[in-house]
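One line per chain: the protein sequences are G and X, in this order. First residue of the first sequence? That's 1 in this note's numbering, and the numbers climb one at a time after it. First residue of the second sequence? That's 312 in this note's numbering, and the numbers climb one at a time after it. Glycine included, C-beta positions come from ideal geometry on N, C-alpha and C. Working notes for the structure below.
There are 2 protein chains.
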Amino acid sequence: MRPSPREIHTVTSIGAGPIGGGWAAFFLSRGYQVRAYLHSMDEEPIFRAVIDTAWQSLAEIGLAVGASRDNLLITDDLEQAVAGTQFVQESAPERLAIKQALYARLGALVPADVVIASSTSGLPMTDIQADCPTPQRTIVGHPFNPPYLLPLVEIVGGAATDETALDWAVAFYAHAGKEPLRLKKEIPGFIATRLQEALWREALHMVANGEASPEDIDRALRFGPAPRMAIQGQCMAFHVACGEGGMATNLDQFGPALKLPWTRLDAPELTKSLRDAMVDGCNEMAGDRSFADMAAERDRRIVKIIKACTD
Amino acid sequence: MRPSPREIHTVTSIGAGPIGGGWAAFFLSRGYQVRAYLHSMDEEPIFRAVIDTAWQSLAEIGLAVGASRDNLLITDDLEQAVAGTQFVQESAPERLAIKQALYARLGALVPADVVIASSTSGLPMTDIQADCPTPQRTIVGHPFNPPYLLPLVEIVGGAATDETALDWAVAFYAHAGKEPLRLKKEIPGFIATRLQEALWREALHMVANGEASPEDIDRALRFGPAPRMAIQGQCMAFHVACGEGGMATNLDQFGPALKLPWTRLDAPELTKSLRDAMVDGCNEMAGDRSFADMAAERDRRIVKIIKACTD
């Protein structure tokens, strides 16, 4: 029986890098007792530097009652790091063999009802949990860097993961102040990384072909689609940009462009079922807001983002 | 002989939609006299509504001296719309036959030294200018919606375009307060749309395969990579996320992931020349700023963006 997310007071963060350090800082800022495991105490200065940098922004956002950097235990003893823990966030190096060996140990050390979440950017949990003696509570909880600021956590299990562990993790992350996104399927790269990776590979193609420089890529994003994407994502950006017709107009107007070589990635067939899924999804997100209201909200926020990016 | 961008006082905006209306509002806000051509005066209410919406944000950003919505002439007479104009921004419907017929007329009506820029999202200027009697001054000047707020303008010519027209357009847009991005080659979709389109097609694949809903796509972007992309683009986002090692570490660490199915788009071969171009490009953008300073700046701005998106 897992405790309610509200009753969690002690968590473990594994890893000394920007992700492990970032998670430790985040949990400290939310008032948790944090036990940090480093592979070697030589990594302590780097780890503390990540926390000190993160703390400036976390303090600006607002700390939870009782939050303090003093609530941190740093150790290179894995047993000590997980003693009494109620949740483990693992951010070890992105190598399958390292993670598998770690989950073999954690699976024996950590009580079987405690959820262990991996920050992996794309390794499947089915592979990571292969040698874990208690895999049913192991999940992916994938953040975006910097994990103390960007709210997204993508959540998905492996073949041996129990649904109750995923349910609990969604509730726990949300309670801690994150935006959990539970995946429908275990797909390589999850959702956010796949979207970013498609864009990134197109960027690499353009640089490789002398069509754009890295600076061109970054300026194109910063001054073009990215501020809008930060506010609306991409589906609602198109939905609102098309005015009253919304996504239906977008797909009618730009549907033919899906066949054009506007990127090196071929589009899927725009079947009626895909069209309906896109249109229905956007209408649901819009709810009863009018297009004029959604456009006005977008504009108001773009003005703020432009100011934030140029101050 | 073209006048200096500073001497431009009268411009023409063609098109009644969100792009044509958005450009008209932008130029009005910068103090220009604007002559707007609508296909039919029936479109006037929609056109004026776009301008009224835009004006709220433009006033918030700050109007130029002398800027007024009264400096607007609306007409369905093309000759009247271009009489005395010093620059034409064309935002007609995205259909090649319509644009070609329009450029045939404009090419005869508008003095040959006046630059005519198309807002096309992806039609090549080489095709658009095919029937224009004076194609040397016709260019693409591609904005992102809403064009009165997002600063990017992608600039590229067609086969018959003169380099001097492109030089002038870069200077004019910059003077008017835009961020011109001059393309090295005429490629379908330009740079920003290609990046967005790769991401969009990957999103459509995921929805088509039941891997994600439109809401999942938008939440993944808004709470994950998009705020960072709005601040740093994608190259610098990876450069700074990797700490002291920068883009070189990114490519070493995630280079193998370019072979993984993290998106349906295959990556180019990571040759030494591509690697060097990415690393050198990021080092140039970083200049003498330290990684700690760049990370602190990123964090400070992410906090503002998160506040802007949740207020």
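| Among all the DSSP beta bridges, which residues are the ones paired with GLY483 (chain X)? | Within the second sequence, residue 483 (chain X) is the residue found at index 172, counting from 1. Reading off the sequence shown, one finds Phe at residue 483 (chain X), where the question assumed Gly. Note: PHE483 (chain X) sits in no beta bridge, so no partner.
| task | Compile a chain-ordered list of the residues in the segment 225-238 of chain G whose CB is closer than 9 Å to at least one CB of chain X. | result | Here the close residues are PRO225, ALA226, PRO227, ARG228, MET229, ALA230, ILE231, GLN232, GLY233, GLN234, CYS235, MET236, ALA237 and PHE238.
| said: Between GLN89 (chain G) and chain X, is any beta-carbon pair separated by less than 8 Å? | reply: Looking up residue 89 (chain G) in the first sequence gives position 89. It does not: the Cβ of GLN89 (chain G) has no partner Cβ on chain X nearer than 8 Å.
| query | Closest Cβ-Cβ distance between LYS495 (chain X) and chain G: below 8 Å? | reply | Numbered from its first residue, the second sequence carries residue 495 (chain X) at position 184. At least one chain G Cβ lies under 8 Å of LYS495 (chain X).
| said: For the segment 284-311 of chain G, list every residue whose C-beta sits within 9 Å of some C-beta in chain X, in sequence order. | reply: The segment 284-311 of chain G vs chain X, Cβ under 9 Å: GLU284, MET285, ALA292, ALA295, ALA296, ARG298, ASP299, ARG300, ARG301, ILE302, VAL303, LYS304, ILE305, ILE306, LYS307, ALA308, CYS309 and ASP311.
| message | Using only CA atoms, which one of G:ILE46, G:ASP76 and G:TRP262 lies nearest to THR12 (chain G)? | response | As a working note, residue 12 (chain G) is residue 12 in the first sequence. G:ASP76 is the residue among G:ILE46, G:ASP76 and G:TRP262 whose C-alpha sits nearest the C-alpha of THR12 (chain G).
| Endpoints, the beta strand (DSSP E) within which SER432 (chain X) is located | Along the second sequence, one-based indexing puts residue 432 (chain X) at 121. Going by DSSP, SER432 (chain X) is part of no beta strand (DSSP E) at all; its letter is neither H nor E.
| said: Going by beta-carbon coordinates alone, are GLY452 (chain X) and ILE466 (chain X) separated by less than 8 Å? | reply: In the second sequence, residue 452 (chain X) corresponds to position 141, counting from 1. In the second sequence, residue 466 (chain X) corresponds to position 155, counting from 1. Contact check for GLY452 (chain X) against ILE466 (chain X) passes: the beta carbons are separated by less than 8 Å.
| CB contact check: GLY158 (chain G) to chain X, cutoff 8 Å | The residue given as residue 158 (chain G) occupies position 158 in the first sequence. Taking Cβ atoms only, chain X never reaches closer than 8 Å to GLY158 (chain G), which makes this a no.
| message | List, in chain order, every chain X residue whose beta-carbon is nearer than 9 Å to that of SER57 (chain G). | response | Locating residue 57 (chain G) in the first sequence gives position 57, where the first residue counts as 1. ALA607, ASP610, ARG611, ILE613 and VAL614, listed in chain order.
| task | Please state whether DSSP places ALA347 (chain X) in a helix, a strand or coil. | result | For the purposes of this step, residue 347 (chain X) is identified with residue 36 of the second sequence, where counting begins at 1. The DSSP-derived three-state label of ALA347 (chain X) is strand.
| Within 10 angstroms of its Cβ, does ILE259 (chain X) collect 16 or more other Cβ (buried), or is it exposed? | The displayed coordinates of chain X run from 312 to 622. Any statement about residue 259 (chain X) would go beyond what the structure contains.
| Rounded C-beta distance between PRO525 (chain X) and MET285 (chain G)? I'm assuming under 8 Å. | Within the second sequence, the letter at position 214 stands for residue 525 (chain X). Within the first sequence, the letter at position 285 stands for residue 285 (chain G). Indeed, because the Cβ distance is near 7 Å, the residues count as touching under 8 Å.
| said: Using the Cβ count rule (16 or more neighbours within 10 Å means buried), how would you classify GLN234 (chain G)? | reply: The sequence position of residue 234 (chain G) within the first sequence is 234, counting from 1. Answer is buried; the Cβ neighbour count reaches 16.
| query | Going by other Cβ atoms of all chains shown within 10 Å of its Cβ, with 16 needed for buried, is GLN507 (chain X) buried or exposed? | reply | Taking the first residue of the second sequence as 1, we reach residue 507 (chain X) at position 196. It counts as buried.
| query | Taking only beta-carbon atoms, is LEU100 (chain G) less than 8 Å away from chain X? | reply | The sequence position of residue 100 (chain G) within the first sequence is 100, counting from 1. One detail in the question is off: residue 100 (chain G) reads as Gln in this sequence, not Leu. Closer than 8 Å: no.
| Are GLY246 (chain G) and LEU270 (chain G) close, meaning C-beta to C-beta below 8 Å? | Taking the first sequence and counting its residues from 1, the one referred to as residue 246 (chain G) is at position 246. Taking the first sequence and counting its residues from 1, the one referred to as residue 270 (chain G) is at position 270. No.
| So with Cβ pairs under 8 Å, would you call ALA510 (chain X) a contact of chain G? | Sequence index remark: in the second sequence, residue 510 (chain X) carries index 199 (1-based). The question names Ala, but residue 510 (chain X) in the sequence shown is Leu. Judged by the 8 Å Cβ criterion, LEU510 (chain X) is in contact with chain G.
| message | I'd like to know if TRP334 (chain X) contacts chain G, where contact means its C-beta is closer than 8 Å to some C-beta of that chain. | response | Start at 1 with the first residue of the second sequence, and residue 334 (chain X) comes out as number 23. No - not a single Cβ of chain G is within 8 Å of the one on TRP334 (chain X).
| message | With the cut-off set at 8 Å, would you say ILE617 (chain X) and ARG539 (chain X) are in Cβ contact? | response | Numbered from 1 along the second sequence, position 306 holds the residue referred to as residue 617 (chain X). Numbered from 1 along the second sequence, position 228 holds the residue referred to as residue 539 (chain X). Between ILE617 (chain X) and ARG539 (chain X), the gap from beta carbon to beta carbon reaches 8 Å or more.
| query | If ILE299 (chain X) and ASN456 (chain X) are in contact, beta carbons under 8 Å, what's the gap, nearest whole angstrom? | reply | In the structure displayed, chain X extends from 312 to 622; residue 299 (chain X) sits before or after that span and is not available.
| request: Quick one: list the residues of chain X neighbouring THR53 (chain G), beta-carbon separation under 8 Å, in chain order. | output: One-based indexing of the first sequence puts residue 53 (chain G) at position 53. Within 8 Å Cβ-Cβ: ALA603, ALA606, ALA607 and ASP610.
| task | Quickly, what does DSSP pair PHE398 (chain X) with across the bridge? List them, please. | result | Within the second sequence, the letter at position 87 stands for residue 398 (chain X). BP columns for PHE398 (chain X) point to X:VAL426.
| query | If you measure from the beta carbon of THR323 (chain X) to each beta carbon in chain G, is any gap under 8 Å? | reply | Along the second sequence, one-based indexing puts residue 323 (chain X) at 12. At least 8 Å separates the CB of THR323 (chain X) from every CB of chain G.
| Apart from the five residues just before and just after ARG533 (chain X), which ones in its own chain have a Cβ nearer than 8 Å to its Cβ? | Along the second sequence, read from residue 1 onward, the residue named residue 533 (chain X) stands at position 222. Closer than 8 Å at Cβ, skipping near neighbours: CYS620.
| request: Enumerate in chain order the residues of its own chain whose CB-to-CB distance from GLY500 (chain X) is below 7 Å, with the five nearest sequence positions on each side excluded. | output: As a working note, residue 500 (chain X) is residue 189 in the second sequence. Here the set comprises GLY433 and GLU508.
| query | If we count the other Cβ atoms within 10 Å of its Cβ and call it buried at 16 or more, is THR263 (chain G) buried or exposed? | reply | Residue numbering aside, residue 263 (chain G) sits at position 263 when the first sequence is read from its first letter. Result: buried.
| Is the CB-CB distance between MET436 (chain X) and GLU497 (chain X) below 8 Å? | Position 125 of the second sequence, counting from 1, holds the residue named residue 436 (chain X). Position 186 of the second sequence, counting from 1, holds the residue named residue 497 (chain X). Taking C-beta atoms as the reference points, MET436 (chain X) and GLU497 (chain X) count as a pair closer than 8 Å.
| message | Taking CB distances under 8 Å as the criterion, tell me whether ARG313 (chain X) reaches chain G. | response | Looking up residue 313 (chain X) in the second sequence gives position 2. No - not a single Cβ of chain G is within 8 Å of the one on ARG313 (chain X).
| message | Less than 8 Å between the C-beta atoms of LEU389 (chain X) and ARG406 (chain X), yes or no? | response | Indexing the second sequence from 1 puts residue 389 (chain X) at position 78. Indexing the second sequence from 1 puts residue 406 (chain X) at position 95. It is not a contact, given that the beta carbons lie outside the stated cut-off.
| query | Between LEU463 (chain X) and SER368 (chain X), is the Cβ-Cβ spacing less than 8 Å? | reply | Along the second sequence, one-based indexing puts residue 463 (chain X) at 152. Along the second sequence, one-based indexing puts residue 368 (chain X) at 57. Taking C-beta atoms as the reference points, LEU463 (chain X) and SER368 (chain X) fail to come closer than 8 Å.
| query | In three-state DSSP terms, what is ILE128 (chain G)? | reply | Position 128 of the first sequence, counted from the start, is the residue given in the question as residue 128 (chain G). In the structure shown, ILE128 (chain G) sits in a helix (DSSP, three-state: H, G or I).
| query | Apart from the five residues just before and just after GLY281 (chain G), which ones in its own chain have a Cβ nearer than 7 Å to its Cβ? | reply | By one-based count along the first sequence, residue 281 (chain G) stands at place 281. The beta carbon of GLY281 (chain G) lies closer than 7 Å to those of CYS235 in the same chain, with the five residues before and after it left out.
| task | Consider the Cβ of PRO356 (chain X): report whether some Cβ of chain G lies at a distance smaller than 8 Å. | result | The sequence position of residue 356 (chain X) within the second sequence is 45, counting from 1. No, PRO356 (chain X) lies away from the interface with chain G (no Cβ there is under 8 Å from its Cβ).
| request: For the beta strand (DSSP E) holding THR386 (chain X), just list the boundary residues, first then last. | output: As a first step, residue 386 (chain X) is located in the second sequence; it is residue number 75 there, counting from the start. Note, THR386 (chain X): beta strand (DSSP E), 383-386.
| field | Closer than 7 Å at the beta carbon, the chain G residues around ASN456 (chain X) | value | Translated into positions along the second sequence, residue 456 (chain X) becomes position 145. Residues of chain G with a Cβ closer than 7 Å to the Cβ of ASN456 (chain X) are, in chain order, ALA241.
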